[in-house]
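Colleague: Residue numbers (the numbering used here): 773 to 1135.
1) Contact check, residue 1038 vs residue 1002 under 8 Å by CB: the rounded distance?
2) With residue 828 as the anchor, note down where its beta strand (DSSP E) starts and where it stops.
3) Helix or strand or just coil, what does DSSP make of residue 972?
4) Label residue 1012 either buried or exposed according to how many other C-beta atoms from any shown protein chain fall within 10 Å of its C-beta, with 16 as the threshold for buried.
5) Pop quiz: residue 903 and residue 974 are said to be a contact at Cβ under 8 Å. What is the actual Cβ separation, rounded to whole angstroms?
6) So is residue 928 buried or exposed if we call it buried at 16+ other beta carbons inside 10 Å?
7) Shorter than 7 Å, the distance from the beta carbon of residue 1001 to the closest heavy atom of the ligand FAD, or not?
8) With the cut-off set at 8 Å, would you say residue 1081 and residue 1058 are in Cβ contact?
9) Among 848, 952 and 1069, which has the Cα closest to the Cα of residue 1040?
10) The alpha helix (DSSP H) spanning residue 1045 covers which residue range?
11) Which residue from 994, 1084, 1010 and 998 puts its Cα closest to that of residue 800?
12) Whose CA, out of 1050, 778, 857 and 892, lies closest to the CA of residue 881?
13) Could you check where the alpha helix (DSSP H) with residue 1140 kicks off and where it finishes?
14) For residue 1134, count neighbouring C-beta atoms within 10 Å of its own C-beta (all shown protein chains included) and say buried if the count is 16 or more, exposed if not.
15) Let me confirm a value: residue 964 is counted as buried when at least 16 other C-beta atoms fall within 10 Å, else exposed. Which label applies?
16) Tell me the rounded alpha-carbon separation between residue 915 and residue 946.
17) Indicate the three-state DSSP secondary structure (helix, strand or coil) for residue 851 in the structure shown.
18) Where in the region 835-901 do unbroken runs of the alpha helix (DSSP H), each at least 4 residues long, occur, reported from the N-terminal end onward?
19) Would you check if there are 3 or more beta carbon pairs closer than 8 Å linking the region 938-945 to the region 1086-1103?
20) Give me the residue from 1076, 944 and 1044 with the minimum Cα distance to residue 1131.
21) Using 10 angstroms around the beta-carbon of residue 930, count the other beta-carbons present and answer buried if the total reaches 16, otherwise exposed.
22) Of the residues 919, 1023, 1016 and 1107, which one's Cα is nearest the Cα of residue 794?
23) Thinking residue 908 and residue 920 are a contact (beta carbons under 8 Å), I'd like their distance in whole angstroms, please.
24) Evaluate residue 840 with the Cβ neighbour count: other Cβ atoms within 10 Å of its Cβ, from every protein chain shown; 16 or more gives buried, anything less gives exposed.
25) Exposed or buried, which one is residue 788 when buried takes at least 16 other CB atoms within 10 Å?
26) Evaluate residue 825 with the Cβ neighbour count: other Cβ atoms within 10 Å of its Cβ, from every protein chain shown; 16 or more gives buried, anything less gives exposed.
27) Please report the distance separating the alpha-carbon of residue 1079 from that of residue 1054.
28) What is the residue span of the alpha helix (DSSP H) that residue 1143 lies within?
29) For residue 1051, I'd like the list of residues in its chain whose CB is within less than 6 Å of its CB, leaving aside the five on either flank, ordered along the chain.
30) Going by the CB atoms, is the gap between residue 889 and residue 836 shorter than 8 Å?
31) Which one of 1087, 956 and 1104 has the shortest CA to CA distance from residue 817?
32) Please report the straight-line C-alpha distance between residue 848 and residue 814, rounded to a whole angstrom.
33) For the alpha helix (DSSP H) holding residue 1099, just list the boundary residues, first then last.
34) Which residue comes first and which comes last in the beta strand (DSSP E) that contains residue 1074?
35) Which residues does DSSP list as the beta-bridge partners of residue 1062?
36) Closer than 8 Å by C-beta to residue 1018: which residues in its own chain qualify, once you throw out the five before and the five after it? Chain order, please.
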């Protein structure tokens, strides 16, 4: 069994399966706390000197506000527990910080997830994501990726679950990857073992490169969406071989290879997402979409009725295209996107442009 969402892992589904002699790919309850509690994750980075933002923890509104008043914005206010990706608020003023505190402590927007609240320093830099698949001792890395959180082009508008991604990220060259492995990935996996919480499964590292130094912004105990849609298609080795090696503890003996290609994914969303949006719009063009090794479509917020597909969520479809390089994968994915239509369809038209600029290509 492969578990997709974080909530069942944080609740302990792996432990339940294990007690009943069933095989499951994913971390134990104690290990999944690395995503389930941001306080735990930040304390772990502090204890083991893993580069991460400075932070303070509060369970009292007044103390948090007093602390904010002693700091210079911007800063980041985070709910400790799972909040569906919406519990992180970047505050550009003291007033916004107080609003965030009220949201958590007074309005209880995130329920128990907001019982404890972190305030982190805001780090300026470029973000990237790395997936490590680990059996608790050894690990393999999927290619680096960068996603696009904001709903509109040029990184404008509210944050979303992700409007698109590309892989590998030109930002992460061999030298930077070595630095990430030595200062973040290796120490994190070792730390979890030392804490009596050996991590088995996929561990997502959300990183920021600040003045050339990689730092951890967040850990996830699962594959990310849409990053998985660009990293997994680049895996040349059969994913099930990797998963069974993790479950059996034999990752050290497995040679894992990635394709020497690039992948870009564009998310087709409903207008209004991530706030309110309409459902039930018929999706056209899927029947003319011939999936190949290089052209893939991933269903998300869709529903099938009488042989037809309709929209049923904010992020409706993910379209991925593999090319020989980043530029050809971007060109290909936007050709594919044009095949699909539904009423009130929205997508970003600048996915991957940041990567092209880093390569010196300007469109």
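Ideal Cβ positions, reconstructed from N, Cα and C, are used throughout, including at glycine.
Modeller: According to the structure data:
1) Actually they are not in contact, since the Cβ atoms of residue 1038 and residue 1002 sit about 10 Å apart, beyond 8 Å.
2) Unbroken beta strand (DSSP E) run through residue 828: 827-830.
3) Three-state result, residue 972: coil.
4) By the neighbour-count rule (16 or more Cβ atoms within 10 Å), residue 1012 is not buried but exposed.
5) Contact between residue 903 and residue 974 is confirmed by a C-beta separation of about 6 Å, below the 8 Å threshold.
6) Exposed: under 16 other Cβ atoms inside 10 Å.
7) Ligands are entirely absent from the displayed structure, and the ligand FAD is therefore not among its contents.
8) In this structure, residue 1081 sits near residue 1058, with a CB-CB distance shorter than 8 Å.
9) Closest in alpha carbon position to residue 1040, among 848, 952 and 1069, is 1069.
10) Where residue 1045 is concerned, there is no enclosing alpha helix (DSSP H), given that its DSSP letter is neither H nor E.
11) The shortest C-alpha separation from residue 800 is found at 994.
12) Checked all of 1050, 778, 857 and 892; the closest Cα to residue 881 is 857.
13) Lying outside 773 to 1135, the shown extent of the chain, residue 1140 is not represented and no answer is given.
14) With fewer than 16 other Cβ atoms from the protein chains shown falling within 10 Å of its own Cβ, residue 1134 counts as exposed.
15) Answer is buried; the Cβ neighbour count reaches 16.
16) Between residue 915 and residue 946, the C-alpha separation is close to 11 Å.
17) It is a strand residue.
18) Counting only runs of 4 or more, we get 866-877.
19) Result yes; three or more Cβ-Cβ pairs closer than 8 Å.
20) Checked all of 1076, 944 and 1044; the closest Cα to residue 1131 is 944.
21) By the neighbour-count rule (16 or more Cβ atoms within 10 Å), residue 930 is not buried but exposed.
22) The residue among 919, 1023, 1016 and 1107 with its C-alpha nearest the C-alpha of residue 794 is 1016.
23) Their Cβ separation, rounded to whole angstroms, is 32 Å, which puts residue 908 and residue 920 out of contact at 8 Å.
24) It counts as buried.
25) When all chains shown are included, residue 788 counts as exposed.
26) By the 10 Å Cβ count, residue 825 comes out buried.
27) Cα atoms of residue 1079 and residue 1054: separation of roughly 11 Å, rounded to the nearest angstrom.
28) What is shown of the chain runs 773 to 1135, which leaves residue 1143 out entirely.
29) 1083 and 1084.
30) If you check the CB distance, residue 836 and residue 889 come in under 8 Å.
31) Per the Cα distances, 956.
32) When rounded, the separation of the alpha-carbon atoms in residue 848 and residue 814 is 13 Å.
33) Its alpha helix (DSSP H) spans residues 1098-1109.
34) Going by DSSP, residue 1074 is part of the beta strand (DSSP E) stretching over 1074-1077.
35) Answer by DSSP bridge pairing: none, since residue 1062 is not bridged.
36) Its chain contains 797, 905, 906, 907, 972 and 973 as the residues whose beta carbon lies nearer than 8 Å to that of residue 1018, once the 5 sequence neighbours on both sides are disregarded; these appear in chain order.
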